[in-house]
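*Asks:*
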Amino acid sequence: MSVVAECPPATWTDALERDFDKAFVALDLLLGEIDSDQVEITYEGRQKMTSLSACFAQLMHKTQSVQQAITRHEKVCLFII
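For any residue, its number in our numbering is found by taking its place in the sequence shown, counting from 1, and adding 1.
1) In chain order, which alpha helix (DSSP H) runs of at least 4 residues are fully inside the region 6-49?
2) Can the beta-carbon of residue 12 be found less than 8 angstroms from the beta-carbon of residue 65?
3) Only counting runs of 4 or more residues, tell me where the alpha helix (DSSP H) segments fall wholly within the region 53-81, in order along the chain.
As structure tokens, then:
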């Protein structure tokens, strides 16, 4: 049996998304504490956070697609056997 079948995808991907969200919010709050005279740092930091968030979303989408393909493949293999 594969890891995918043993550990439902929703379990670890949901946990990973929660951890990412918590870290994202914490970083956003930290950037909010920067002095107003250093607005450039806050702006640049938030731009980078936006990029990280988009990359993470794409990674999670690809991961879910791969998991679905593996599950379909396993069903076909079990049917053949």
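Don't be surprised by glycine CBs; every beta carbon is placed ideally from N, CA and C.
*Replies:* Quick look at the numbers:
1) 10-33
2) Within the sequence shown, the letter at position 11 stands for residue 12. Within the sequence shown, the letter at position 64 stands for residue 65. Against a cut-off of 8 angstroms, the Cβ pair of residue 65 and residue 12 comes out as no contact.
3) none
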